[in-house]
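Below: the structure, in structure tokens.
There are 4 protein chains.
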Amino acid sequence: MARAASTLELRQAAKREAILRAALELFAERSFDGTPMPLVAERARVGTGTLYRYFASKEALGNAVYREAKAAMRRALVESLPPGLAPREHFGRLWRGLARFTVGEPATVRFLEMQHHEDYLDAESRAAGGELMESVADFLRGAQAAGAVRPGPPEELIALALGAFVGLVKEAANGRFALDEAAVARAEEAVWALLARPPEDRP
Amino acid sequence: MARAASTLELRQAAKREAILRAALELFAERSFDGTPMPLVAERARVGTGTLYRYFASKEALGNAVYREAKAAMRRALVESLPPGLAPREHFGRLWRGLARFTVGEPATVRFLEMQHHEDYLDAESRAAGGELMESVADFLRGAQAAGAVRPGPPEELIALALGAFVGLVKEAANGRFALDEAAVARAEEAVWALLARPPEDRP
Amino acid sequence: MARAASTLELRQAAKREAILRAALELFAERSFDGTPMPLVAERARVGTGTLYRYFASKEALGNAVYREAKAAMRRALVESLPPGLAPREHFGRLWRGLARFTVGEPATVRFLEMQHHEDYLDAESRAAGGELMESVADFLRGAQAAGAVRPGPPEELIALALGAFVGLVKEAANGRFALDEAAVARAEEAVWALLARPPEDRP
Amino acid sequence: MARAASTLELRQAAKREAILRAALELFAERSFDGTPMPLVAERARVGTGTLYRYFASKEALGNAVYREAKAAMRRALVESLPPGLAPREHFGRLWRGLARFTVGEPATVRFLEMQHHEDYLDAESRAAGGELMESVADFLRGAQAAGAVRPGPPEELIALALGAFVGLVKEAANGRFALDEAAVARAEEAVWALLARPPEDRP
DNA sequence: GATGAATGAGCGTTCATTCAT
DNA sequence: AATGAATGAACGCTCATTCAT
Chain B
3 MARAASTLEL RQAAKREAIL RAALELFAER SFDGTPMPLV AERARVGTGT LYRYFASKEA
63 LGNAVYREAK AAMRRALVES LPPGLAPREH FGRLWRGLAR FTVGEPATVR FLEMQHHEDY
123 LDAESRAAGG ELMESVADFL RGAQAAGAVR PGPPEELIAL ALGAFVGLVK EAANGRFALD
183 EAAVARAEEA VWALLARPPE DRP
Chain E
3 MARAASTLEL RQAAKREAIL RAALELFAER SFDGTPMPLV AERARVGTGT LYRYFASKEA
63 LGNAVYREAK AAMRRALVES LPPGLAPREH FGRLWRGLAR FTVGEPATVR FLEMQHHEDY
123 LDAESRAAGG ELMESVADFL RGAQAAGAVR PGPPEELIAL ALGAFVGLVK EAANGRFALD
183 EAAVARAEEA VWALLARPPE DRP
Chain C
3 MARAASTLEL RQAAKREAIL RAALELFAER SFDGTPMPLV AERARVGTGT LYRYFASKEA
63 LGNAVYREAK AAMRRALVES LPPGLAPREH FGRLWRGLAR FTVGEPATVR FLEMQHHEDY
123 LDAESRAAGG ELMESVADFL RGAQAAGAVR PGPPEELIAL ALGAFVGLVK EAANGRFALD
183 EAAVARAEEA VWALLARPPE DRP
Chain P
3 MARAASTLEL RQAAKREAIL RAALELFAER SFDGTPMPLV AERARVGTGT LYRYFASKEA
63 LGNAVYREAK AAMRRALVES LPPGLAPREH FGRLWRGLAR FTVGEPATVR FLEMQHHEDY
123 LDAESRAAGG ELMESVADFL RGAQAAGAVR PGPPEELIAL ALGAFVGLVK EAANGRFALD
183 EAAVARAEEA VWALLARPPE DRP
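Residue numbers (my numbering), protein chains in the order written: chain B, 3 to 205; chain E, 3 to 205; chain C, 3 to 205; chain P, 3 to 205.
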């Protein structure tokens with residue numbers, strides 16, 4: 003049985019969270035390269051040296067932020083998914099879960115969308131999020147077998163659909179249009195059309 | 003009658019090109035912030051000081067790279083577009099033009115996809131490429147009027163479709179799958195379904 | 003009641019002093035423009051980066067050095083001045099105070115004599131030392147009213163007398179002659195003759 | 003017998019003069035360290051490389067400017083001096099010659115007043131102007147023998163008197179007062195009092 | 001002889017990281 | 001365990017000097 007966490011351990015966990023949160027926000031706002039460690043410390047309300055008690059280096063902090071972000075996104079999507087849904091509804095839950103997550107955690111989404119994670123990500127981080135990808139791919143394979151989704155490598159379909167979502171969010175952030183519920187719903191329809199097996203192919 | 007370019011002018015133009023090329027590649031590989039000017043100089047095979055004879059600052063170089071990239075992309079897409087095409091074929095040309103350009107100029111596409119351009123772009127650069135966006139929006143409006151494309155703000159549709167393309171390219175670059183002609187063709191079909199007016203809405 | 007200064011605060015104050023001292027000496031030896039910041043750091047026995055923890059920029063350091071120098075000179079002159087002195091003795095105290103200060107702090111005097119302070123001084127620094135000038139001008143006005151000093155704008159007389167002092171110090175520094183007590187005394191007599199109301203004008 | 007100067011030699015002499023003039027003005031305005039060679043070239047209307055055909059280095063140019071400036075000042079003072087003048091009038095000619103030269107050639111005077119010539123002057127330049135100093139010292143010795151000038155090392159008196167002049171010019175340049183003819187005349191009286199043998203010492 | 005494009009050493013400054021307190 | 005003062009390598013950029021034209 004797990005030993006109860008001591009007060010100290012709790013305080014340390016909270017401090018670790020504060021650092022991760024500060025880093026996530028700043029990396030999302032100003033990029034990884036553009037964020038000095040002392041600024042992370044200030045936002046997290048800890049001393050600069052303290053950062054290095056929790057993370058071995060800026061790179062290690064970047065990796066931890068990345069993995070946390072991936073995990074948070076996975077949780078958000080998985081939670082919205084009761085088992086046994088029809089493909090269209092399964093997709094709808096994923097899409098709306100993504101939208102809800104984006105509204106609630108814009109920094110996380112913005113951070114994950116960013117390029118140049120490769121510069122500092124290690125192999126383990128790169129693998130992170132793979133299981134979400136895999137579970138979505140499984141869903142797609144099932145839906146393809148059921149004739150609900152167009153044929154082709156599921157990875158390609160995921161890339162297209164997720165890319166469409168990211169494009170929507172990015173342009174909305176640029177102020178080109180508002181990301182309100184109606185827009186999210188319109189986009190859901192459109193992206194489902196991208197995924198769905200074309201009617202003319204159906205028997 | 004235009005004076006013939008002197009040897010010096012030719013060499014200077016070539017040097018300017020070499021610098022822009024080197025900067026584009028490095029910015030695409032390592033991001034703007036992550037690329038030291040001396041590295042640009044080395045890749046362009048010029049002295050560090052020489053960079054500053056052609057571009058007033060790193061920021062100015064970044065803006066020039068961005069504008070060149072936008073212009074190159076516009077040229078690639080516009081060239082593939084004879085007038086008077088049917089919507090499906092018009093879209094097909096754009097999509098395949100984009101794919102061809104991506105294969106031929108991966109650094110340019112990767113660079114343009116990147117975030118955090120805002121940190122160094124000036125107003126003129128920000129406006130660059132707007133006309134391409136506008137002409138695609140015009141195409142979509144026409145196609146919507148003709149009943150070929152689903153209703154809704156064209157900017158949202160562009161964001162979704164272009165996002166899908168970017169997602170495809172990005173994941174292909176991550177090695178998840180190959181971006182061969184078949185994949186491009188499959189994706190073209192899928193994204194056209196995203197854009198097209200759903201059959202069930204048609205009279 | 004003032005809190006006692008901690009060890010750290012004392013060390014920091016000492017470090018700040020060391021930087022100001024090193025900068026003063028180097029600026030006096032080689033001019034502001036001619037002194038690289040790493041050289042200041044080396045002379046002050048701190049790392050280059052440490053300079054920027056105490057002064058925001060080279061310009062800020064230059065201003066601080068200037069203001070300290072002006073203040074030190076003012077202190078040296080004011081201290082030598084009990085109130086109620088006769089004009090001749092008042093001048094003598096100023097002159098000998100200046101001489102003593104020059105011998106004790108040659109770098110400070112040499113630095114203040116330098117040109118091209120304007121290039122980096124801010125408005126506040128420019129104003130520094132004005133009160134010393136003003137108090138000497140007041141003394142001269144009083145002495146003129148008492149018939150002890152020749153008529154004319156006090157600023158001109160100050161410029162001449164202080165210029166004479168500076169000329170003396172500069173040529174002595176060039177090795178043309180020694181600035182011993184006898185020379186200072188001879189010069190005091192001569193410069194008083196410059197200031198004093200000519201005997202033939204006296205009733 | 004000297005060969006007549008060829009057209010080329012004349013053009014070169016003119017170019018040399020233009021460079022020296024440009025350098026003098028810029029060094030006076032912005033200091034030696036603060037003046038880039040390309041700026042000298044631009045002001046002299048020659049190519050940057052051309053500077054190095056006339057002067058081996060920036061340092062060599064600085065030395066040449068300095069020597070020219072010293073020589074110009076010597077010429078201005080010597081020309082105002084017919085032989086056989088009484089001490090008071092001899093001094094008056096020197097003083098007014100200095101004032102006239104300052105008005106006509108402010109850049110030269112400002113340049114010569116500047117500190118930190120030592121950083122680049124060679125031995126020969128340092129010696130330049132010594133003969134003027136020597137001739138003034140001779141005048142003073144004669145005037146001392148005649149009982150017109152106060153006793154003491156002539157070098158000290160020169161340092162005081164010249165320093166007073168420089169102080170006057172410097173403060174006038176700072177805008178503290180105008181350097182008009184009346185001010186110059188007042189200062190002449192005052193500085194003569196500095197030099198003159200005090201009346202009470204006279205038999 | 002004259003040029004100015006090219007160079008790289010060296011500038012002022014920042015920031016990831018260390019370590020004495 | 002926590003801190004933040006201290007550091008120096010590395011940044012963007014300048015400029016004295018060279019050399020192909």
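Glycine included, every Cβ here is placed at the ideal spot set by N, Cα and C.
Assigned exposure category for residue i - 16 Cβ within 10 Å defines buried
i: A46(B); result: buried
i: R188(B); result: buried
i: T50(C); result: exposed
i: N65(P); result: buried
i: T104(E); result: buried
i: R112(P); result: buried
i: T9(C); result: exposed
i: V80(E); result: exposed
i: A180(B); result: exposed
i: A195(B); result: buried
i: G86(B); result: exposed
i: M3(E); result: Residue placement at M3(E) is poorly supported in this model, since its pLDDT is 48, which falls under 50; the coordinates are not used for a value here.
i: S59(B); result: exposed
i: L12(B); result: exposed
i: P156(B); result: buried
i: G106(P); result: exposed
i: G165(C); result: buried
i: P201(P); result: exposed
i: P153(B); result: exposed
i: V193(E); result: buried
i: A145(P); result: buried
i: E136(P); result: exposed
Contact list for residue i against chain B, beta-carbon separation under 7 Å
i: G154(E); result: R188
Neighbour list for residue i in chain E, Cβ cutoff strictly below 7 Å
i: D35(B); result: S33, D35, G36
i: A195(B); result: A195, L196, P200
Beta-carbon separation (whole angstroms), residue i vs residue j, contact threshold 8 Å
i: A198(B); j: V138(B); result: That pair is no contact at about 15 Å.
i: R95(B); j: L83(B); result: 6 Å
i: G169(P); j: A161(C); result: 5 Å
i: E27(P); j: A109(P); result: 5 Å
i: L159(P); j: L142(P); result: 6 Å
i: L100(B); j: F167(B); result: 6 Å
Where residue i meets chain E, residues with beta-carbon distance less than 9 Å
i: A25(B); result: Those do not exist, as A25(B) stays about 16 Å from chain E at its closest Cβ, beyond 9 Å.
i: A58(B); result: Those within 9 Å of A58(B) in chain E number zero; the least Cβ separation is about 20 Å.
Neighbouring residues, chain C, relative to residue i (Cβ below 9 Å)
i: A145(P); result: Near A145(P) there are no residues of chain C at all, since even the closest Cβ is about 14 Å away, more than 9 Å.
i: A139(P); result: Result: empty, since nearest Cβ-Cβ is about 10 Å, beyond 9 Å.
Per-residue contacts from residue i into chain B (C-beta, under 9 Å)
i: A109(E); result: Ordered by position in chain B, no residue passes the 9 Å Cβ test against A109(E), which lies about 13 Å from the chain.
Chain-ordered neighbours of residue i on chain P, where CB pairs are closer than 9 Å
i: A71(C); result: Correct list: empty, because the minimum Cβ distance to chain P is about 14 Å.
Under 8 Å by beta carbon: chain B residues contacting residue i
i: A62(E); result: Within chain B, no residue comes near A62(E); the closest Cβ sits about 19 Å away, beyond 8 Å.
Contact test: residue i Cβ vs the ligand MG heavy atom, cutoff 7 Å
i: P85(C); result: Judged by which ligands are present, the structure shown has none, so any question about the ligand MG falls away.
Subject >> Residues within the stretch 116-129 of chain P neighbouring chain C, beta-carbon criterion of under 8 Å >> reply: Flagged, chain order: M116, Q117, H118, D121.
**OP:** Within the stretch 19-50 of chain C, note down every full alpha helix (DSSP H) run reaching 4 residues or more, in order along the chain.
**Re:** 39-46
Subject >> Length-filtered (3 minimum) beta strand (DSSP E) runs lying within the stretch 58-134 of chain P >> reply: none
Original post:
Along the stretch 156-186 of chain C, what residues have a CB closer than 8 Å to any CB found in chain P?
Top reply: Hits within the stretch, in order: E157, E158, L159, I160, A161, L162, A163, L164, G165, A166, F167, V168, G169, L170, K172, E173, A174, R178, F179, A185.
**OP:** Taking only runs that begin and end inside the stretch 146-203 of chain P, name each unbroken alpha helix (DSSP H) of 4 or more residues, in chain order.
**Re:** The stretch 146-203 of chain P contains these whole alpha helix (DSSP H) runs: 156-175, 183-197.
**OP:** Can you give me, in chain order, the residues of the stretch 82-104 of chain C that have a beta carbon less than 9 Å from any beta carbon in chain P?
**Re:** none
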